[in-house]
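Engineer: Residue numbers (full-length UniProt numbering), protein chains in the order written: chain A, 1 to 498; chain B, 1 to 498. Note that CB positions come from ideal geometry on N, CA and C, so glycine has one too. Sending over a structure as structure tokens; questions will come in a sec.
There are 2 protein chains.
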Amino acid sequence: MAHQEKETSGLEWRITLGDGSSKSLVPETGPVSRIWMWLKGLMAGLVLKVWKFLNKAWDIGVEDPRKVIHCLKAGMALTVVSLVYFTRPLYEGVGGNAMWAVMTVVVVFENTVGATISKSLNRVIGTTLAGFLAFGVHWVASLSGQKFEPLIIGASVFLLASAATFSRFIPSVKARFDYGALIFILTFSLVAVSGYRVDKLFALAHQRISTIIIGTCLCILVTMLICPIWAGQELHALTCRNMDKLAGSLEGCVEEYFDNNGELEDSDKHPDKKLLGYKCVLNSKTTEESMANFARLEPAHGRFNFKHPWQQYLKIGSSMRSCAYSIEALNSCIDSENQAPEFIKKRMSNVCLKVSSNSSCVIKELAKTIKTLKKSSSIDFLVEEMSSAVQDLQNEIKSLSSLLSPAELLLPESKETEKTTSTIHLLEVLPVVILASLLIDISSRIQDIVKTVEELANVAEFKAEADDKAKQNQANINRIVPSQQNDDQQTMKALERA
Amino acid sequence: MAHQEKETSGLEWRITLGDGSSKSLVPETGPVSRIWMWLKGLMAGLVLKVWKFLNKAWDIGVEDPRKVIHCLKAGMALTVVSLVYFTRPLYEGVGGNAMWAVMTVVVVFENTVGATISKSLNRVIGTTLAGFLAFGVHWVASLSGQKFEPLIIGASVFLLASAATFSRFIPSVKARFDYGALIFILTFSLVAVSGYRVDKLFALAHQRISTIIIGTCLCILVTMLICPIWAGQELHALTCRNMDKLAGSLEGCVEEYFDNNGELEDSDKHPDKKLLGYKCVLNSKTTEESMANFARLEPAHGRFNFKHPWQQYLKIGSSMRSCAYSIEALNSCIDSENQAPEFIKKRMSNVCLKVSSNSSCVIKELAKTIKTLKKSSSIDFLVEEMSSAVQDLQNEIKSLSSLLSPAELLLPESKETEKTTSTIHLLEVLPVVILASLLIDISSRIQDIVKTVEELANVAEFKAEADDKAKQNQANINRIVPSQQNDDQQTMKALERA
Chain A
1 MAHQEKETSG
11 LEWRITLGDG
21 SSKSLVPETG
31 PVSRIWMWLK
41 GLMAGLVLKV
51 WKFLNKAWDI
61 GVEDPRKVIH
71 CLKAGMALTV
81 VSLVYFTRPL
91 YEGVGGNAMW
101 AVMTVVVVFE
111 NTVGATISKS
121 LNRVIGTTLA
131 GFLAFGVHWV
141 ASLSGQKFEP
151 LIIGASVFLL
161 ASAATFSRFI
171 PSVKARFDYG
181 ALIFILTFSL
191 VAVSGYRVDK
201 LFALAHQRIS
211 TIIIGTCLCI
221 LVTMLICPIW
231 AGQELHALTC
241 RNMDKLAGSL
251 EGCVEEYFDN
261 NGELEDSDKH
271 PDKKLLGYKC
281 VLNSKTTEES
291 MANFARLEPA
301 HGRFNFKHPW
311 QQYLKIGSSM
321 RSCAYSIEAL
331 NSCIDSENQA
341 PEFIKKRMSN
351 VCLKVSSNSS
361 CVIKELAKTI
371 KTLKKSSSID
381 FLVEEMSSAV
391 QDLQNEIKSL
401 SSLLSPAELL
411 LPESKETEKT
421 TSTIHLLEVL
431 PVVILASLLI
441 DISSRIQDIV
451 KTVEELANVA
461 EFKAEADDKA
471 KQNQANINRI
481 VPSQQNDDQQ
491 TMKALERA
Chain B
1 MAHQEKETSG
11 LEWRITLGDG
21 SSKSLVPETG
31 PVSRIWMWLK
41 GLMAGLVLKV
51 WKFLNKAWDI
61 GVEDPRKVIH
71 CLKAGMALTV
81 VSLVYFTRPL
91 YEGVGGNAMW
101 AVMTVVVVFE
111 NTVGATISKS
121 LNRVIGTTLA
131 GFLAFGVHWV
141 ASLSGQKFEP
151 LIIGASVFLL
161 ASAATFSRFI
171 PSVKARFDYG
181 ALIFILTFSL
191 VAVSGYRVDK
201 LFALAHQRIS
211 TIIIGTCLCI
221 LVTMLICPIW
231 AGQELHALTC
241 RNMDKLAGSL
251 EGCVEEYFDN
261 NGELEDSDKH
271 PDKKLLGYKC
281 VLNSKTTEES
291 MANFARLEPA
301 HGRFNFKHPW
311 QQYLKIGSSM
321 RSCAYSIEAL
331 NSCIDSENQA
341 PEFIKKRMSN
351 VCLKVSSNSS
361 CVIKELAKTI
371 KTLKKSSSID
381 FLVEEMSSAV
391 QDLQNEIKSL
401 SSLLSPAELL
411 LPESKETEKT
421 TSTIHLLEVL
431 PVVILASLLI
441 DISSRIQDIV
451 KTVEELANVA
461 EFKAEADDKA
471 KQNQANINRI
481 VPSQQNDDQQ
491 TMKALERA
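Structure below.
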């Protein structure tokens with residue numbers, strides 16, 4: 001087809017070069033059409049980029065529709081505050097302070113309730129504190145005469161701004177009052193610089209703080225009442241999700257290692273994604289810390305009290321990360337070049353798979369414990385199972401000794417030809433033994449997770465699982481709640497008296 | 001002494017209880033003195049807390065004096081902009097827009113030059129874009145009559161605020177334009193709500209944007225001219241520092257493992273701190289990413305061009321993290337309960353220590369390469385050394401086979417008493433063999449780091465080391481720099497002609 005077209009295209013300019021070959025001359029396109037082509041290419045590229053961007057945005061929205069809801073909420077809060085002030089424009093009445101309400105909504109409205117409350121508190125406290133300080137400085141400056149006024153104000157701005165900026169480097173301040181320090185600097189310099197007379201300043205401060213409070217209240221109400229997203233609940237869900245991912249990765253990695261060509265092919269179409277779940281655990285430290293910080297400020301919601309021990313979730317997270325590091329090492333065993341011979345792998349596969357499946361059962365049970373906020377009745381049994389599987393694995397490793405060839409290295413030359421296939425090198429066994437010892441290591445790290453989750457269950461006073469009435473009663477009696485014990489004692493005494 | 005005092009304290013009230021024992025009654029203090037005690041305790045606690053806080057702040061300042069300098073710079077910039085507007089107060093002339101300059105300085109001034117430039121760009125672009133859009137919406141709304149005006153403005157605020165809020169969830173936008181999106185929403189709603197007539201809006205927008213530009217320029221000048229902290233340089237230094245820490249941890253861990261009681265005691269007073277250096281590598285991902293983002297915006301500074309390949313530092317960081325995960329596993333070997341018998345440890349210690357010291361030499365050389373921006377002449381040799389040490393270690397593991405007792409498990413009961421001390425279990429060897437295999441794993445991960453650093457050296461066109469003239473010349477000729485090659489060819493031709 002292409003050849004035919006070429007033949008029918010009519011006239012063609014050719015130039016014969018020095019070495020005998022000839023070259024066809026393509027007619028040169030005009031500058032206008034070249035610019036047109038370039039523009040077309042540019043536009044196509046741009047459209048493609050925008051399309052990709054929108055596609056990505058769509059995916060994000062579909063993946064977590066609450067993000068879309070948050071955006072609609074933010075838009076709503078802003079529209080409400082805007083329209084209130086639009087009907088009463090900036091230049092009449094409110095003295096230009098209406099913009100502080102709009103500004104507050106824009107800056108304070110955050111994804112989670114805790115974050116919104118934290119920013120609101122920061123904004124109100126920072127503004128108030130800075131306002132009073134600036135007022136004091138203003139008063140002192142106005143007393144000291146016109147010559148010293150700029151000097152005093154300049155020095156105070158310099159000192160306080162420097163100090164507040166420095167405070168933002170201190171980790172404990174950074175974590176909780178970063179925004180407050182910023183607002184403090186902002187308000188202090190604005191008020192100090194304003195040049196209003198002191199009596200006028202009071203009215204101004206009153207207006208400004210009241211608009212800010214209106215803005216923050218609106219934000220807090222909207223975040224709390226319309227499809228609220230609680231930082232605490234998010235932290236809770238993140239912890240459960242990470243546990244499930246950890247369990248999935250652990251099981252998946254070991255299965256992948258012992259998978260003899262295609263066993264998993266049908267059941268897992270995307271094994272990689274499941275295997276790499278532990279990476280989420282490795283990367284969620286920052287998120288967990290900020291969530292725990294915000295959750296402290298949230299009122300009781302859902303199944304959580306105001307004083308729910310959110311800090312304990314950080315400990316759980318850290319023990320999970322410690323486990324994830326070992327899974328990372330496990331994962332590198334899969335890709336390793338040195339692999340044990342098939343028959344050793346087969347020999348070890350059952351017991352290794354048992355350890356990994358028992359371990360991931362423990363993790364899944366812990367995830368369930370946290371998810372349901374109920375003490376598990378089977379966790380002790382599952383840990384026991386895991387330990388016995390680990391014991392089996394250790395015995396299996398011990399039994400591998402019998403296959404090793406000890407004499408080989410002592411008499412390397414003479415015995416070379418007589419080597420039988422039933423004895424093997426230590427080096428050959430090594431990859432699978434390392435995998436096994438990593439599994440043992442992981443199981444001991446899982447016991448740390450169990451401990452931290454149990455601490456959470458005790459501090460947060462989880463109830464025992466409902467499906468086991470007898471155990472629940474036992475647990476209730478054993479639970480060390482002084483008030484409960486006192487109640488019990490009083491009941492007993494009352495019974496004795498009767 | 002206490003007894004004597006009790007005797008001399010005179011009168012004492014005692015009460016005799018039902019069971020015959022007597023109890024001394026302490027004279028009750030008055031409510032005033034109790035409140036006084038409580039207040040004193042409160043004050044002491046508060047003073048102690050403040051003292052601790054100040055102490056911590058002092059430590060932070062001493063540890064990194066540049067933080068103090070940054071605070072002084074911030075204070076200075078703010079004082080300058082404040083005093084300029086203090087002499088020309090807010091309520092005359094500048095139409096209340098002076099506060100935008102103050103606000104800009106407070107919000108935009110950041111620790112590093114790159115961060116300040118990034119925020120400045122975000123602020124200027126966000127404000128301009130939103131201003132124009134709001135102006136357009138205002139114009140359309142004013143055309144459509146008083147009835148529809150609030151409707152159109154409300155709808156536009158809702159739509160654009162929602163969309164801009166959503167864009168902040170998209171990772172690529174979040175990383176670079178998060179602040180810009182915030183400023184966009186802020187400016188758009190402020191202008192849309194303002195209710196000014198369109199002709200007045202232009203003058204307003206002009207003033208506002210010019211004050212913002214004045215503020216940003218002041219910030220950029222102050223950050224760049226007075227003791228500048230460059231994000232690029234920070235990223236560079238962080239990478240070098242992390243490499244040194246990685247090398248230190250690796251060497252320290254292995255030394256600690258083979259340390260026979262107190263060898264290190266004198267030389268390292270704080271071995272723990274050195275050992276845990278790798279944790280810094282694990283936790284620096286977020287910092288690296290934001291630094292690389294800011295560094296892209298910085299002009300050429302020090303030894304870095306404008307187009308220095310900062311993204312490559314992220315690859316180096318990720319390969320270092322992969323190595324740090326293995327060191328984490330190595331570190332858990334130290335604390336493990338299962339330890340190999342001393343004589344096996346001794347047997348393996350030399351070759352393991354050699355691998356670890358050679359490996360950390362490679363890392364240190366890489367750190368030097370990055371620090372000096374010069375291609376190392378000895379890196380190939382060091383990698384070679386490391387590989388040969390790894391080979392030795394593998395041979396040593398192989399030779400351990402000779403010590404293992406294979407028959408023991410086949411005849412466990414009968415041979416129990418005849419067991420000789422020269423043969424050992426696989427389980428006993430295991431801990432040290434695992435350590436060794438982790439070392440082998442680490443050395444292969446180090447080779448990944450070598451690769452990423454070499455990529456950096458090629459892309460950033462590092463020069464060869466100066467101390468080795470002959471090699472440097474060789475490297476210069478081999479380097480694929482077309483312009484240089486052309487120069488060389490021209491020189492050769494000129495020589496031929498002569």
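1. Can the beta-carbon of A340 (chain A) be found closer than 7 Å to that of V254 (chain A)?
2. How close, in whole Å, do the beta carbons of F258 (chain B) and S349 (chain B) come, if the pair is a contact with beta carbons under 8 Å?
3. Out of B:V450, B:T223 and B:L190, which has the shortest C-alpha to C-alpha gap to S318 (chain B)?
4. What do you reckon, are the CB atoms on F184 (chain B) and G126 (chain B) nearer than 7 Å?
5. When burial is assigned at 16 or more other CB atoms within 10 Å of the CB, is E263 (chain B) buried or exposed?
6. By DSSP's criteria, A464 (chain B) is part of a beta bridge. Which residues make up the other side?
7. DSSP three-state call for F132 (chain A): helix, strand or coil?
8. Kindly give me the distance between the Cβ atoms of A57 (chain A) and F177 (chain B), rounded to whole angstroms, as I take these residues to be in contact under 8 Å.
9. Anything in chain A within Cβ reach of Y325 (chain B), meaning under 7 Å, just list it in chain order.
10. Who are the Cβ neighbours of V222 (chain B) in its own chain at under 6 Å, not counting the five residues just before and after it?
11. Is the beta carbon of I363 (chain A) less than 7 Å from the beta carbon of E256 (chain A)?
12. Going by other Cβ atoms of all chains shown within 10 Å of its Cβ, with 16 needed for buried, is N122 (chain B) buried or exposed?
13. Using alpha carbons as the reference points, say which of A:F381, A:L400, A:F304 and A:E234 lies closest to K346 (chain A).
14. Flag G75 (chain A) as yes if its beta-carbon sits less than 7 Å from any beta-carbon of chain B, otherwise no.
15. Using a beta-carbon distance below 7 Å, is I170 (chain A) in contact with chain B?
16. Between which two residues does the alpha helix (DSSP H) holding W58 (chain B) run?
17. Decide if F343 (chain B) is buried, meaning its Cβ has at least 16 other Cβ atoms within 10 Å, or exposed.
18. Would you tell me roughly how many angstroms separate the C-alpha atoms of G232 (chain A) and V191 (chain B), rounded to the nearest one?
19. Flag residue 499 (chain A) as yes if its beta-carbon sits less than 7 Å from any beta-carbon of chain B, otherwise no.
20. If you reduce the DSSP assignment to three classes, tell me which class F169 (chain A) lands in.
21. What residue range does the alpha helix (DSSP H) around T239 (chain B) cover?
22. DSSP three-state call for H301 (chain A): helix, strand or coil?
23. What does S82 (chain B) touch in chain A if you count any residue whose Cβ is under 8 Å from its own?
24. Under the assumption that S326 (chain B) contacts D441 (chain A) (Cβ atoms under 8 Å), give the Cβ distance between them as a whole number of angstroms.
25. By the 10 Å Cβ neighbour count, where 16 or more other Cβ atoms means buried, how is V81 (chain B) classified, buried or exposed?
26. Can you say whether residue 501 (chain B) is buried or exposed, counting buried as having 16 or more other CB atoms within 10 angstroms of its CB?
27. From this set, B:L275, B:I434 and B:Q311, which residue's C-alpha is nearest N242 (chain B)'s C-alpha?
28. Short of 9 Å Cβ to Cβ, which residues in the region 45-69 of chain A face chain B?
29. The alpha helix (DSSP H) that contains S326 (chain B), what's its start and end?
30. How close, in whole Å, do the beta carbons of T104 (chain A) and I212 (chain A) come, if the pair is a contact with beta carbons under 8 Å?
31. I'd like the list of long-range same chain contacts for L366 (chain B), defined as Cβ closer than 8 Å, with 5 residues on each side in sequence excluded.
32. Around the Cβ of G114 (chain A), are there at least 16 other Cβ atoms within 10 angstroms (buried) or fewer (exposed)?
33. DSSP on K307 (chain A), reduced to helix/strand/coil?
34. Pick helix, strand or coil for L276 (chain B), following the three-state DSSP scheme.
35. Quick one: which residues of the region 113-135 of chain A get their C-beta closer than 8 Å to a C-beta of chain B? List them in chain order.
Structural biologist: By the coordinates alone:
1. Reading the first sequence from its first residue, position 340 is the one you call residue 340 (chain A). Reading the first sequence from its first residue, position 254 is the one you call residue 254 (chain A). Taking 7 Å as the Cβ cut-off, A340 (chain A) and V254 (chain A) do not qualify as a contacting pair.
2. The residue labelled residue 258 (chain B) in the question sits at position 258 within the second sequence. The residue labelled residue 349 (chain B) in the question sits at position 349 within the second sequence. Confirmed, about 4 Å.
3. Indexing the second sequence from 1 puts residue 318 (chain B) at position 318. Closest option to S318 (chain B), Cα to Cα, is B:V450.
4. Position 184 of the second sequence, counted from the first residue, corresponds to residue 184 (chain B). Position 126 of the second sequence, counted from the first residue, corresponds to residue 126 (chain B). The answer is yes: Cβ separation under 7 Å.
5. To locate residue 263 (chain B), count along the second sequence from 1; it is residue 263. Confidence at E263 (chain B) is low in this model, with a pLDDT of 45, below 50, so its placement is unreliable and the value that follows should be read with caution. So E263 (chain B) ends up on the exposed side.
6. The residue you call residue 464 (chain B) lines up with position 464 of the second sequence. B:K375, per the DSSP bridge assignment.
7. The sequence position of residue 132 (chain A) within the first sequence is 132, counting from 1. In the structure shown, F132 (chain A) sits in a helix (DSSP, three-state: H, G or I).
8. The residue labelled residue 57 (chain A) in the question sits at position 57 within the first sequence. The residue labelled residue 177 (chain B) in the question sits at position 177 within the second sequence. The pair is not a contact, with the Cβ atoms about 13 Å apart (cut-off 8 Å).
9. To locate residue 325 (chain B), count along the second sequence from 1; it is residue 325. What Y325 (chain B) touches in chain A: Y325, E328 and A329.
10. For the purposes of this step, residue 222 (chain B) is taken as the residue at position 222 of the second sequence. Within the same chain, V222 (chain B) has close Cβ partners K73 and A77.
11. As a first step, residue 363 (chain A) is located in the first sequence; it is residue number 363 there, counting from the start. As a first step, residue 256 (chain A) is located in the first sequence; it is residue number 256 there, counting from the start. No.
12. In the second sequence, counting from the first residue as 1, residue 122 (chain B) sits at position 122. Looking at its Cβ environment, which holds 16 or more other Cβ atoms inside 10 Å, N122 (chain B) is buried.
13. For this step, residue 346 (chain A) is matched to residue 346 along the first sequence. Selected option, being the one with the closest Cα: A:L400.
14. For the purposes of this step, residue 75 (chain A) is taken as the residue at position 75 of the first sequence. Answer yes: the Cβ-Cβ gap between G75 (chain A) and chain B drops below 7 Å somewhere.
15. Sequence index remark: in the first sequence, residue 170 (chain A) carries index 170 (1-based). True, the Cβ-Cβ gap to chain B drops below 7 Å.
16. Position 58 of the second sequence holds residue 58 (chain B). Unbroken alpha helix (DSSP H) run through W58 (chain B): P31 to E63.
17. Sequence index remark: in the second sequence, residue 343 (chain B) carries index 343 (1-based). By the neighbour-count rule (16 or more Cβ atoms within 10 Å), F343 (chain B) is not buried but exposed.
18. Counting from 1 along the first sequence, the entry for residue 232 (chain A) is found at position 232. Counting from 1 along the second sequence, the entry for residue 191 (chain B) is found at position 191. If I take the Cα positions, the gap works out to 36 Å.
19. Within the shown structure, residues of chain A are numbered from 1 to 498, placing residue 499 (chain A) beyond reach of any answer.
20. The count along the first sequence starts at 1 and reaches residue 169 (chain A) at position 169. Three-state DSSP puts F169 (chain A) in coil, outside helix and strand.
21. Counting from 1 along the second sequence, the entry for residue 239 (chain B) is found at position 239. Taken as a continuous stretch (DSSP letters only), the alpha helix (DSSP H) holding T239 (chain B) covers A231 to F258.
22. For the purposes of this step, residue 301 (chain A) is taken as residue 301 along the first sequence, with counting starting at 1. Residue state, collapsed to three classes: strand.
23. As a position in the second sequence, residue 82 (chain B) is number 82, starting the count at 1. Close to S82 (chain B), with beta-carbon spacing below 8 Å, are these residues of chain A in chain order: I153, G154, V157, S189, A192 and V193.
24. Taking the second sequence and counting its residues from 1, the one referred to as residue 326 (chain B) is at position 326. Taking the first sequence and counting its residues from 1, the one referred to as residue 441 (chain A) is at position 441. Actually they do not touch by this definition, with Cβ atoms about 13 Å apart.
25. Locating residue 81 (chain B) in the second sequence gives position 81, where the first residue counts as 1. With 16 or more Cβ atoms within 10 Å of its Cβ, V81 (chain B) is classed as buried.
26. Outside the shown range of chain B (1 to 498) lies residue 501 (chain B), about which nothing can therefore be said.
27. As a position in the second sequence, residue 242 (chain B) is number 242, starting the count at 1. Comparing Cα positions, the closest option is B:L275.
28. F53, K56, A57, I60, G61, D64, K67 and V68
29. Indexing the second sequence from 1 puts residue 326 (chain B) at position 326. Residues W310 to D335.
30. As a first step, residue 104 (chain A) is located in the first sequence; it is residue number 104 there, counting from the start. As a first step, residue 212 (chain A) is located in the first sequence; it is residue number 212 there, counting from the start. Indeed they touch by this definition, with Cβ atoms about 5 Å apart.
31. The residue given as residue 366 (chain B) occupies position 366 in the second sequence. M243, S376, I379, I449, V450 and V453.
32. Along the first sequence, one-based indexing puts residue 114 (chain A) at 114. Answer is buried; the Cβ neighbour count reaches 16.
33. Here residue 307 (chain A) corresponds to residue number 307 of the first sequence, with the count starting at 1. Coil.
34. The sequence position of residue 276 (chain B) within the second sequence is 276, counting from 1. Three-state DSSP puts L276 (chain B) in coil, outside helix and strand.
35. none
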